[in-house]
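Please read the structure below before turning to the comments.
Residue numbers (the numbering used here), protein chains in the order written: chain E, 1423 to 1608; chain H, 156 to 534.
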């Protein structure tokens, strides 16, 4: 099977609703990939969209200098809301991996779409706002977009001290969800 | 290595250049510049002021320069329009300062969060009257840092307001770059020059209690006097001198990057964030065997006429890609002087071009020129 996330440059789109920490999760991915020794470019949707409505944050990762900074077709997509799925669900490359929150209705039928309980897991752990980190953990476990240890370092670097622990725990839980999904027969 | 945002790179570049004064008014997508300055300047012995609007912001920066501080401000389209009055005043009073305009879609309020390159002509001609102009841009976070450093250097070398044009994508974009260690807060060189002649071609000299200096937006002579016979001529001399100085140094000031132009038959010319898309477009066209290259402009004004002329002499056609409905293409066409066809590709809907769109426009121009060439051959 063709795996788009093995390519270089790697195009990652993180999407959801404003307030779900989409931009922060993009920064964390970019920081982790930087620690991996790659060139990274992070761009963000900002303004009215970042306060409710579909919001996105994109990261391009490459071993070489990156020219075009945005993502046209994502190799890896994280989707935390129905709005975002409607807008970005189909804008993916052939062989892409899409990790989608399982509360999003109507998703999960296309090849490469993996439904995981991202928001529910975060809520059970005490803070639904850490669903972004559950998602990041899953993406790293399934697609290996960055070294997990660098993911943790990036969270420590960018998340405010008072939310660091809850985000690190959410990230670990996401790694477990992702690992279970890789191990399960498809 | 650090993950740095475009707006943050402006601040690091400014601080590395000895900037110790910032006055501004927040506006998307330039606000982070102000936020970083508010955080960093006071601790370095500098001054940060949030003003009541953009006119006041640049007014304060001009005043700070007279008082011996190195000042800058940052804004976006609507604020940049308001600043035009004081950009003219800085030019008339020969006051060094740096103004960042992170471009968003206009006119008016436009699309506050979306990128554009529609202020290119305004940056050159927005203020009334004739003045010397230095306008620079960048296409990566590292270049934002370098360009900001250069802007402070040029502002003081030429005693002019230097304008840095960014855009909403570049301002908010993060890239991993190596930032030099920030020096301790810089002291300005002590005043030099004839205290009786603060204007004209003299080095910039902050005011001091020892001398009485008159500054006016009225026409004035080298002493700053605004009355008397011959003021018009004297003032024209000052302006001509300032403009000539930049014209003479234009080859040195013309910063650009030539990418795969050595064997190119066709050239894409672009600047700022669009130049990155154009670089990807060159990759696509080269993969199809098209001998195309990219001229990426870093200095927009003075327009790098000589470089463009040399290129126009040896390529068969040029394409200017920019996020507006046709601005810098006018200067490109004028500089090419008909030596080769020049076409423009523009948009102002708040989106970046895709590499495919620029490649398709270049291909279309090539087809048109080749067909036209064959037809004229048959005639």
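In this text, a Cβ means the ideal position worked out from N, Cα and C, and glycines have one as well.
Taking C-beta separations shorter than 6 Å and ignoring five residues to either side along the sequence, the partners of residue 355 (chain H) in its chain run 377 and 393, following chain order. At a cut-off of 9 Å between beta-carbon atoms, residue 361 (chain H) makes no contact with chain E. The Cβ neighbour count for residue 1427 (chain E), taken over all protein chains shown within 10 Å, is at least 16; the residue is labelled buried.
The region 1524 to 1607 of chain E is shown to contain whole alpha helix (DSSP H) runs of 4 or more residues at 1540 to 1546, 1553 to 1565, 1570 to 1580 and 1583 to 1605, in chain order. A distance below 9 Å separates the beta carbons of residue 223 (chain H) and residue 361 (chain H). In its chain, beyond the 5 residues on either side, 232 and 273 have a beta carbon closer than 6 Å to the beta carbon of residue 261 (chain H). For residue 1464 (chain E), the chain H residues whose C-beta falls within less than 8 Å of its own C-beta are 158, 328, 329 and 330, listed in chain order.
With respect to the 9 Å criterion, residue 225 (chain H) and residue 175 (chain H) are classified as neighbours on the basis of their beta carbons.
A residue is called buried once 16 or more other Cβ atoms fall within 10 Å of its Cβ, and residue 373 (chain H), having fewer, is exposed. Rounded to whole angstroms, residue 406 (chain H) and residue 1443 (chain E) show a C-alpha spacing of 47 Å.
Straight-line spacing of the CA atoms in residue 470 (chain H) and residue 526 (chain H) works out to 16 Å.
Between the C-alpha atoms of residue 1574 (chain E) and residue 1452 (chain E) there is a straight-line separation of about 12 Å.
When Cβ-Cβ separations below 9 Å define contact, residue 1581 (chain E) makes no contact with chain H. Closest by C-alpha distance to residue 219 (chain H), out of H:210, H:229, H:202 and H:234, is H:202. With contacts defined as CB atoms closer than 9 Å, residue 321 (chain H) and residue 299 (chain H) qualify as a contacting pair.
Residue burial annotation: residue 366 (chain H) is exposed, with fewer than 16 other C-beta atoms found within 10 angstroms of its C-beta. Residue-level contact by beta carbon holds for residue 509 (chain H) and chain E, with a gap shorter than 9 Å.
Every beta strand (DSSP E) stretch that sits fully inside the region 385 to 458 of chain H and reaches 3 residues is listed by chain position as 411 to 414, 421 to 426, 447 to 452 and 454 to 456.
Against chain E, the beta carbon of residue 166 (chain H) has no neighbour under 9 Å; the closest one sits roughly 18 Å away. The beta carbon of residue 1581 (chain E) lies closer than 6 Å to those of 1589 in the same chain, with the five residues before and after it left out. Straight across, the Cα-Cα distance linking residue 468 (chain H) with residue 494 (chain H) is about 6 Å. The alpha-carbon of residue 353 (chain H) is positioned some 17 Å away from that of residue 316 (chain H).
Residue contact check for residue 254 (chain H) against chain E: no CB pair falls below 9 Å. Interface annotation for the region 1473 to 1501 of chain E against chain H: 1489, 1490, 1491, 1492 and 1494, criterion Cβ-Cβ distance under 7 Å. A Cβ-Cβ separation of about 6 Å places residue 1490 (chain E) in contact with residue 431 (chain H) under the 8 Å criterion. Comparing alpha carbon positions, the residue from H:297, H:247, H:212 and H:305 closest to residue 173 (chain H) is H:305. The region 446 to 455 of chain H makes no contact with the region 231 to 245 of chain H: fewer than 3 CB pairs, one atom from each, lie closer than 8 Å. Apart from the 5 residues on each side of it in sequence, residue 193 (chain H) sits with its Cβ closer than 7 Å to the Cβ of 203 in its chain, given in chain order. A Cβ-Cβ separation of about 21 Å leaves residue 490 (chain H) out of contact with residue 523 (chain H) under the 8 Å criterion. For the region 434 to 455 of chain H, the set of residues with a beta-carbon nearer than 8 Å to any beta-carbon of chain E comprises 434, 435 and 438, in chain order. Excluding sequence positions up to five before and after residue 368 (chain H), its CB lies within less than 7 Å of the CB of 353, 362 and 379, all in the same chain and listed in chain order.
In this structure, the alpha-carbon of residue 1431 (chain E) lies about 21 Å from that of residue 327 (chain H). Chain-order list of chain H residues neighbouring residue 1555 (chain E): empty, with the shortest C-beta distance near 17 Å, by a criterion of under 8 Å. Excluding the 5 residues flanking it on each side, residue 1487 (chain E) has same chain C-beta neighbours closer than 8 Å at 1461, in chain order.
With a contact defined as Cβ atoms closer than 8 Å, residue 267 (chain H) and residue 258 (chain H) miss out at about 11 Å. In terms of Cα proximity to residue 484 (chain H), the closest of H:308, H:518, H:442 and H:499 is H:499.
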